[in-house]
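Peer 1:
Chains as they are written, first to last, in our numbering: chain A, 1 to 436; chain B, 437 to 717.
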């Protein structure tokens with residue numbers, strides 16, 4: 001162990017002082033919150049601005065007392081309402097384009113007659129799509145909410161006409177369903193649909209997203225750090241020192257992992273700030289209080305999640321070290337990374353979008369084969385269920401598989417074997433590039 | 437006259453009993469010169485016997501044998517592709533031999549690689565440095581692998597002294613010139629006080645002043661009892677540093693002796709001329 005510490009120190013110092021690494025570590029903490037804040041501000045400003053100056057064109061084909069009342073209702077809101085005399089749709093749209101109007105409401109003939117006879121009155125709504133973006137979605141949502149208010153006002157009016165002593169709300173909604181979700185053994189007053197959609201957006205996305213991006217940077221960093229030893233001709237010296245090949249690899253693994261953990265913490269901070277900014281955006285109706293009504297998560301679950309994330313980082317780093325060791329230079333390491341990253345990412349998405357419990361055995365085995373699957377599994381189960389036993393077994397399994405990978409790499413880590421492997425891999429990579 | 441001793445066991449009781457040792461050169465060339473009388477009671481640092489190294493169909497080293505005594509500076513010279521670097525890599529435990537025997541201070545290169553790594557220090561021809569670590573940090577990292585903290589600090593101070601880098605020792609090594617990188621590497625090699633220093637082209641690419649500086653360091657190290665095996669293209673350097681040299685060509689040792697003896701035998705005015713004569717023949 002005494003001999004490994006200086007080697008770990010070498011790894012950490014060499015990596016941490018590399019501008020390619022430390023800039024990569026700092027960027028998420030600055031960029032993600034900045035991005036979230038810019039997006040949130042941009043969307044809010046865009047929606048607020050558009051709501052203030054929301055311009056609506058109206059064609060009243062009915063021209064009755066009730067249709068005029070409806071028009072007055074529209075005019076009494078914050079929107080600018082432009083009444084069009086004709087009934088030709090095409091010329092109305094052209095006129096709207098000229099004035100930059102976004103919505104057209106057409107009150108059809110028979111509006112008053114239908115309402116007086118307690119039939120559904122038809123109103124056509126046209127929206128000109130000028131741009132596509134979150135701002136447009138928010139604007140459209142706000143407009144729809146406004147239309148719902150008009151429906152409510154007209155239904156109140158009709159109910160009052162039928163019987164002034166009746167509560168209009170009771171007629172509109174005679175049955176009231178109160179939804180509850182049972183999470184573990186706790187009864188929580190949340191609509192299951194709301195829970196599932198918000199949970200997917202929240203907990204179960206944060207962990208896989210962080211792991212996904214972190215894994216890519218970790219594997220790249222470890223592979224680069226090891227390949228640089230080949231490229232800069234420092235590996236030969238390292239291999240003649242009185243330390244075993246296994247110790248060299250363990251030092252590389254631990255050194256890269258320390259940087260990865262620092263990177264992970266910084267990235268998580270940046271991502272959480274970004275995520276919070278996104279929650280505050282108009283139209284993204286995920287309330288933070290949603291998380292407050294959830295059953296408390298036990299400390300052991302968080303501990304287990306932390307351990308599984310650490311082991312996942314170790315595993316990914318060990319793969320990066322293997323790739324780096326097999327590469328004669330950084331360029332070759334980068335081209336080999338794709339072969340590793342893609343299969344590792346597959347279980348991520350399988351867990352994210354499916355339920356491993358109901359998947360065929362073969363797919364389950366693929367998922368459980370990768371230590372990177374366990375943090376995602378734990379993150380999604382820790383709120384709604386007890387931690388699955390597979391995830392608990394995954395911890396010793398992850399340790400074993402990472403150790404085996406390092407041990408096998410240490411066996412092939414002799415210059416002669418590495419040169420032979422590097423030559424074969426280079427020949428294969430070059431051949432593939434030529435064919436493409 | 438040709439003399440070939442097939443079962444020449446350098447560690448055999450025969451050799452320890454009788455001080456008259458025989459060295460031999462290549463088996464496969466016509467140019468095979470033998471003879472050297474070694475000092476009585478000398479201890480053998482390195483024994484290379486019938487060493488063969490093949491890479492697929494290519495034979496890089498083809499049955500060479502030599503031995504190096506403790507405190508000796510032994511030079512391997514030869515043109516590019518002669519097998520010098522391969523031989524040094526085998527002695528430094530980086531490459532396993534295809535056949536033959538290599539012993540370093542009595543330790544077998546295959547069986548006792550760990551023991552050998554504790555007593556040798558290897559300088560590769562193109563040994564690189566870590567870009568973002570200072571020279572001092574690098575020396576400290578290596579020293580702490582070999583020694584406990586107190587001894588390591590002392591070794592680092594010594595190494596800084598003979599690296600001659602002054603205040604630049606605290607700068608990141610990516611800012612070093614080629615000469616400075618080589619000096620820090622030489623300092624690294626000798627800092628650990630190895631029983632055997634293996635130096636592959638120690639002054640390659642250096643200007644006259646830096647080369648001279650490094651040669652003096654090596655010389656001083658050998659005078660203090662260290663054993664050195666080095667390869668070089670610089671015949672002046674070899675003549676200046678080495679007590680004995682082996683000339684390699686196409687994987688064979690074609691001649692090995694003291695530099696003066698080689699010059700006398702080949703009727704050459706300097707080692708460079710001798711080298712050209714041997715390779716041409």
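Ideal Cβ placement from N, Cα and C applies to all residues, glycine included.
1) Give the single residue among B:594, B:532 and B:598 whose Cα lies nearest to the Cα of residue 616 of chain B.
2) Would you call the CB atoms of residue 601 of chain B and residue 536 of chain B closer than 8 Å?
3) Could you compute how far the alpha carbon of residue 90 of chain A sits from the alpha carbon of residue 122 of chain A?
4) Could you please give the first and the last residue of the uninterrupted beta strand (DSSP E) stretch that includes residue 105 of chain A?
5) If I measure Cβ to Cβ from residue 190 of chain A and keep anything under 6 Å in the same chain, skipping five residues before and after, which residues do I get?
6) Using a Cβ-Cβ cut-off of 6 Å (strictly less than) and excluding sequence neighbours within five positions of residue 595 of chain B, which residues of its own chain qualify?
7) Taking the CB atoms as reference points, tell me whether residue 251 of chain A and residue 317 of chain A lie closer together than 8 Å.
8) What is the DSSP secondary structure of residue 326 of chain A, reduced to helix, strand or coil?
9) Can the beta-carbon of residue 526 of chain B be found less than 8 Å from the beta-carbon of residue 538 of chain B?
10) So that I know if they touch, is there some Cβ in chain A lying closer than 8 Å to that of residue 637 of chain B?
11) Chain A partners of residue 700 of chain B, CB-CB under 9 Å?
12) Looking at residue 62 of chain A and residue 107 of chain A, is the spacing between their C-beta atoms short of 8 Å?
13) Within its chain, find whatever has a CB closer than 6 Å to the CB of residue 25 of chain A; leave out the 5 residues flanking it on each side and keep chain order.
14) Which of helix, strand or coil does DSSP assign to residue 128 of chain A?
15) Give the single residue among A:298, A:373 and A:92 whose Cα lies nearest to the Cα of residue 59 of chain A.
16) Name the two residues that bound the continuous alpha helix (DSSP H) containing residue 14 of chain A.
17) Between the segment 318 to 332 of chain A and the segment 225 to 233 of chain A, do at least 3 Cβ pairs fall closer than 8 Å?
18) Tell me the DSSP secondary structure of residue 407 of chain A in three-state form.
19) What does the Cβ neighbour count give for residue 298 of chain A, buried or exposed, with the cut at 16 atoms within 10 Å?
20) Give the C-beta separation of residue 724 of chain B and residue 6 of chain A to the nearest angstrom, bearing in mind that I take them to be a contact with Cβ-Cβ under 8 Å.
21) Have a look at residue 518 of chain B and residue 524 of chain B and give me their C-alpha separation to the nearest angstrom.
22) For a contact meaning CB atoms closer than 9 Å, what does residue 495 of chain B contact in chain A?
23) List, in order along the chain, the chain A residues whose C-beta lies closer than 7 Å to that of residue 564 of chain B?
24) Look at the alpha carbon of residue 105 of chain A and the alpha carbon of residue 125 of chain A, and state the distance between them as a whole number of angstroms.
25) How would you list, in chain order, the residues of chain A whose beta-carbon sits under 7 Å from the beta-carbon of residue 528 of chain B?
26) Thinking just about the alpha-carbon of each residue, which of B:692, B:613, B:609 and B:482 is nearest to the one in residue 545 of chain B?
27) Straight-line CA distance for residue 690 of chain B to residue 714 of chain B?
28) Classify residue 139 of chain A: buried if its beta carbon has 16 or more other beta carbons within 10 angstroms, exposed otherwise.
29) Under a Cβ-count criterion, where at least 16 other Cβ atoms within 10 Å of its own Cβ denotes burial, should residue 129 of chain A be classed as buried or exposed?
30) Quick one: what does DSSP say residue 567 of chain B is sitting in, helix, strand or coil?
31) Return helix, strand or coil for residue 348 of chain A, following the three-state DSSP convention.
32) In angstroms, rounded to a whole number, what distance separates the CA positions of residue 679 of chain B and residue 253 of chain A?
33) Kindly list the residues whose CB is nearer than 7 Å to the CB of residue 704 of chain B, restricted to its own chain and excluding five residues on each side of it in sequence; keep chain order.
34) Is DSSP giving residue 486 of chain B helix, strand or coil here?
35) Kindly indicate which three-state DSSP category residue 665 of chain B falls into: helix, strand or coil?
36) Determine, for residue 580 of chain B, whether the minimum Cβ-Cβ distance to residues of chain A falls below 8 Å.
Peer 2: On the basis of the data shown:
1) B:598
2) no
3) 20 Å
4) 103 to 107
5) 181
6) 575, 623 and 627
7) no
8) helix
9) yes
10) no
11) None at all; the shortest Cβ gap to chain A is about 37 Å.
12) yes
13) 263 and 266
14) coil
15) A:92
16) 4 to 16
17) yes
18) helix
19) exposed
20) For residue 724 of chain B there is no data in the structure shown, the boundaries of chain B being 437 and 717.
21) 12 Å
22) Ordered by position in chain A, no residue passes the 9 Å Cβ test against residue 495 of chain B, which lies about 15 Å from the chain.
23) 232, 233 and 234
24) 5 Å
25) 240
26) B:482
27) 8 Å
28) buried
29) exposed
30) coil
31) helix
32) 44 Å
33) 710 and 713
34) strand
35) strand
36) yes
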